[in-house]
Amino acid sequence: MVTKKEIIEKAYECGFGDIGFTTAEPFEVQKTLLEERRPTYEWVAKSGLDLWAGTDPKAVFSQAKSIIVLVESYFNQAFPSNLERYFGRCYLDDDRIIKNNLSKRTRTFRDFLTENGIVSKIPPHLPQKIAAARAGLGTYGKNCLFYSNKLAARGSWVTLISLTVDQEFEPDEPTLELGCPDWCKNTCLTACPTGALKGPRHLDPQRCVSYLSYYGRGITPLEWREPMGLRVYGCDHCQNVCPRNAPWLARERPLNPRVEAKADDFRLEKLLHMDQEYFRSRIWPHMFYMSENEIWRWKMNVARAMGNSLDEQFIPDLGRAFRENEDERVLGLMAWAMGRIGGSEAKKVLTAALPKSQGLVREEIEAALEKL
Ligand code: SF4
Ligand code: SF4
Numbered sequence: 128m129v130t131k132k133e134i135i136e137k138a139y140e141c142g143f144g145d146i147g148f149t150t151a152e153p154f155e156v157q158k159t160l161l162e163e164r165r166p167t168y169e170w171v172a173k174s175g176l177d178l179w180a181g182t183d184p185k186a187v188f189s190q191a192k193s194i195i196v197l198v199e200s201y202f203n204q205a206f207p208s209n210l211e212r213y214f215g216r217c218y219l220d221d222d223r224i225i226k227n228n229l230s231k232r233t234r235t236f237r238d239f240l241t242e243n244g245i246v247s248k249i250p251p252h253l254p255q256k257i258a259a260a261r262a263g264l265g266t267y268g269k270n271c272l273f274y275s276n277k278l279a280a281r282g283s284w285v286t287l288i289s290l291t292v293d294q295e296f297e298p299d300e301p302t303l304e305l306g307c308p309d310w311c312k313n314t315c316l317t318a319c320p321t322g323a324l325k326g327p328r329h330l331d332p333q334r335c336v337s338y339l340s341y342y343g344r345g346i347t348p349l350e351w352r353e354p355m356g357l358r359v360y361g362c363d364h365c366q367n368v369c370p371r372n373a374p375w376l377a378r379e380r381p382l383n384p385r386v387e388a389k390a391d392d393f394r395l396e397k398l399l400h401m402d403q404e405y406f407r408s409r410i411w412p413h414m415f416y417m418s419e420n421e422i423w424r425w426k427m428n429v430a431r432a433m434g435n436s437l438d439e440q441f442i443p444d445l446g447r448a449f450r451e452n453e454d455e456r457v458l459g460l461m462a463w464a465m466g467r468i469g470g471s472e473a474k475k476v477l478t479a480a481l482p483k484s485q486g487l488v489r490e491e492i493e494a495a496l497e498k499l
């Protein structure tokens with residue numbers, strides 16, 4: 128039978144940065160917490176991911192005896208600054224669709240387990256961070272993120288992969304604790320632009336900019352528009368401001384060539400004017416939380432980021448997109464964006480559009496013109 132040591136060696140050979148083992152016991156604390164916060168998590172169940180079932184590994188995979196957690200830093204190489212500004216770093220080199228990097232290595236690792244008679248499953252609804260802490264791989268932050276004990280200078284820039292397996296391995300010493308220093312006065316909680324961090328380790332996911340950017344319904348409410356700042360897809364703010372992440376952020380690193388190659392496709396102007404074919408071939412394979420039917424939300428997010436940039440160079444593109452779009456949510460946000468940027472060109476576009484507009488779009492144009 129393959130030993131724990133051999134499995135660890137294989138994980139490193141596959142390029143993972145750390146590995147830990149824990150039991151397949153239920154995650155009772157997580158179950159209680161989900162019960163207490165049921166209203167804020169019910170939307171996840173509706174989207175098909177039963178977090179409650181994930182608290183019992185045996186309910187997901189009846190032969191589960193252990194959990195193996197793999198850790199990998201997704202921020203070893205630098206990302207182009209024009210992407211970091213608008214997108215969460217964890218989405219910039221995500222290969223879950225194209226499967227040319229992490230997915231491939233995970234497959235190789237699982238094949239090794241299979242060859243050695245071990246059945247493994249990767250349940251997407253397992254509480255990953257708790258599994259990793261129970262496997263002794265890191266600690267929690269008050270911002271609800273997981274901080275590695277070893278990677279990214281003990282920072283939070285890590286991806287976790289939890290595999291339930293049908294063999295028993297000696298569990299590692301758990302590190303189920305908060306790792307924040309006393310002297311940090313809750314910087315992340317104060318910095319969160321939408322108040323999604325309601326307290327230490329208490330996130331209201333539906334107020335988080337990440338959620339709002341890819342799942343938000345309808346036109347972005349006025350109260351969120353400025354706080355969402357330049358974020359188009361995802362948010363890293365509570366990681367960026369955290370002093371536990373400062374050592375890793377300060378490191379020099381080479382540019383990620385895979386991400387650099389697609390940077391031009393993600394320019395805001397291109398996203399604002401993209402059609403379905405462009406979305407299907409260049410965007411969705413890398414950022415797939417929004418479907419083809421939700422291109423309107425991509426464009427709305429881009430318009431909001433353009434508005435919050437206060438950069439007049441975006442006005443011609445906003446003006447052109449305003450004439451070419453029909454979706455009132457996109458038109459409304461573009462009107463808001465032009466009002467926020469201001470200037471004579473913005474005023475000209477909005478004034479010309481007013482007589483032909485009605486309903487929500489008209490209201491947004493009027494509000495924008497008032498500001499001007
Ligand atoms: S990701 Fe952004 S919005 Fe979400 S909790 Fe962190 S700072 Fe707040
Ligand atoms: S900002 Fe401070 S409180 Fe928040 S996770 Fe980092 S160290 Fe902890």
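When we follow my numbering, the leftmost residue of the sequence shown carries the number 128, and every step to the right adds one. Idealized CB from N, CA, C, for every residue including glycine.
From the options, pick the residue whose C-alpha is nearest to that of residue i; which is it?
i: Met427; options: Ser193, Ile194, Arg344, Leu477; result: Arg344
i: Leu229; options: Glu199, Phe206, Arg212, Asp238; result: Glu199
i: Pro308; options: Gln294, Asn270, Arg456; result: Asn270
i: Pro254; options: Thr159, Gly322, Asn367, Phe143; result: Thr159
i: Lys383; options: Leu264, Gln204, Val488; result: In the sequence as presented, Lys is not what sits at residue 383; that position holds Asn. When only C-alpha atoms are compared, the closest one is Gln204.
i: Ser289; options: Gly181, Arg394, Tyr267, Lys325; result: Gly181
i: Trp375; options: Pro184, Ala191, Phe202; result: Phe202
i: Arg385; options: Leu210, Tyr168, Pro354, Tyr139; result: Leu210
i: Pro207; options: Gly361, Trp170, Asp391; result: Asp391
i: Gly265; options: Ser283, Ile249, Lys173; result: Ser283
i: Val129; options: Arg165, Pro250, Gly244; result: Gly244
i: Met465; options: Ala138, Arg431, Pro482, Arg456; result: Arg431
i: Trp179; options: Glu162, Ala373, Thr167; result: Glu162
i: Glu396; options: Ser408, Gln440, His364; result: Gln440
i: His400; options: Leu316, Arg378, Glu451, Glu353; result: Glu451
i: Tyr168; options: Asn435, Leu330, Pro354; result: Leu330
i: Ile134; options: Pro250, Leu240, Ala462; result: Leu240
i: Leu316; options: Lys173, Pro443, Asn367, Glu490; result: Asn367
Indicate whether residue i and residue j have their beta-carbon atoms separated by less than 8 Å.
i: Arg232; j: Cys141; result: yes
i: Leu287; j: Lys256; result: yes
i: Ser247; j: Val292; result: yes
i: Lys474; j: Leu445; result: no
i: Leu437; j: Ile410; result: no
i: Ser193; j: Gln333; result: no
i: Leu458; j: Val488; result: yes
i: Thr314; j: Pro370; result: yes
i: Gly144; j: Leu278; result: yes
i: Ala151; j: Ala186; result: no
i: Ala259; j: Phe273; result: yes
i: Cys365; j: Leu324; result: yes
i: Arg456; j: Trp425; result: no
i: Met414; j: Tyr218; result: yes
i: Thr149; j: Val196; result: yes
i: Asp177; j: His252; result: yes
i: Leu477; j: Ala494; result: no
Any idea what DSSP makes of residue i, helix, strand or coil?
i: Lys248; result: strand
i: Ala509; result: Because the chain spans 128 through 499 in this model, residue 509 falls outside it and cannot be assessed.
i: Asp145; result: strand
i: Ser471; result: helix
i: Leu161; result: helix
i: Glu297; result: coil
i: Leu305; result: strand
i: Ile134; result: helix
i: Thr314; result: helix
i: Phe236; result: helix
i: Val292; result: strand
i: Tyr218; result: helix
i: Ile225; result: coil
i: Glu199; result: strand
i: Val187; result: helix
i: Leu278; result: coil
i: Gly175; result: coil
i: Thr167; result: helix
i: Leu499; result: coil
i: Val285; result: strand
Entirely enclosed beta strand (DSSP E) segments - the segment 325-393, minimum 3 residues: none
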